[in-house]
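Q: Pasting a structure here, questions to come.
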């Protein structure tokens, strides 16, 4: 069944968020801070690993890099486009609407939790590759594995951010569902090279999210999201 992987991942986020919100009630502020720092550092290294996996190759016994210029152009052009559109402001506005819908006006971390969690669980390589696999072949293996990982991650995030984290289930449903449908109808137009390029550019964005979670907001990652469109354009022109 096409799209089943998205449903499984969405349910995993909802379930993990529910547990995290329940645990939050008896958790000291210091412990919440420690969990956030740990989760941020883990996210940083997940981003680094995914980026290097796509950029490093071993040839004739030597380690070489590839795709450096694509990464630079993706982040620079994507950031410029995102700042022009101001995606981050729109994400914050959506978070505020959800905040009012859930009657959580007094929750000062609702929007932050929604935005950061949405970026963490949506932008990574597993979301991109898993959704494409689901759309092309109906294989939900990767998205099911991702659902397990997200389940654990959102427990930690919801125990510190609160109910805003659960609202990221809406983001993952729309994002992965859209990628799955695009892959399903695009079929063989999606090459392995495009998938690889999308994965490591997405991992670079995950690194930026990890820095924000661990050290406070340093990057406007929402405004960097158009970086994911640059590998698509590159693939169309040079693929």
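Residue numbers (the working numbering): 884 to 1122.
Beta carbons are placed, not taken as given, at the ideal position from N, Cα and C, and that holds for glycine.
Predicted model only: the values in this text are computed from it and were never measured.
Contact check, residue 1088 vs residue 1104 under 8 Å by CB: the rounded distance?
A: Their Cβ separation, rounded to whole angstroms, is 6 Å, which keeps residue 1088 and residue 1104 in contact under 8 Å.
Q: Taking C-alpha atoms, which residue in 1059, 1117 and 1049 lies nearest to residue 992?
A: Nearest option by C-alpha distance: 1049.
Q: Suppose contacts are defined by Cβ-Cβ distances below 8 Å. Is residue 1012 in contact with residue 1078 by that definition?
A: It is a contact, given that the beta carbons lie within the stated cut-off.
Q: Can you give the Cα-Cα distance for residue 1098 and residue 942, rounded to whole angstroms?
A: If you take the alpha carbons of residue 1098 and residue 942, they lie about 37 Å apart.
Q: Which value, in whole angstroms, describes the spacing of the CA atoms of residue 912 and residue 1043?
A: Each residue's Cα considered, the two are about 8 Å apart.
Q: For the stretch 909-997, list the alpha helix (DSSP H) runs that are entirely contained and at least 4 residues long, ordered along the chain.
A: You should have 912-938, 951-968 and 970-984.
Q: So is residue 1033 buried or exposed if we call it buried at 16+ other beta carbons inside 10 Å?
A: Burial call: buried.
Q: May I ask you to report which of helix, strand or coil DSSP gives residue 874?
A: The question about residue 874 has no answer, for the chain in this structure spans 884 to 1122.
Q: Quick one: what does DSSP say residue 1022 is sitting in, helix, strand or coil?
A: Of the three classes helix, strand and coil, the one that applies to residue 1022 here is coil, per DSSP.
Q: On the CB-based measure, 16 or more other CB atoms within 10 Å of its CB, does residue 899 come out buried or exposed?
A: Residue 899 should be labelled buried.
Q: Helix, strand or coil: how does DSSP classify residue 1050 here?
A: If DSSP states are grouped into helix, strand and coil, residue 1050 belongs with coil.
Q: Leaving out the 5 sequence neighbours to the left and right, which residues in its chain are closer than 7 Å to residue 1109 when beta-carbon positions are compared?
A: Only 961, 964 and 965 meet the Cβ criterion.
Q: Along the chain, where does the alpha helix (DSSP H) containing residue 1120 start, and where does it finish?
A: Run containing residue 1120: 1113-1121, per the alpha helix (DSSP H) assignment.
Q: In whole angstroms, what separates the C-alpha of residue 1036 from that of residue 924?
A: Taking the straight line from one Cα to the other gives about 12 Å.
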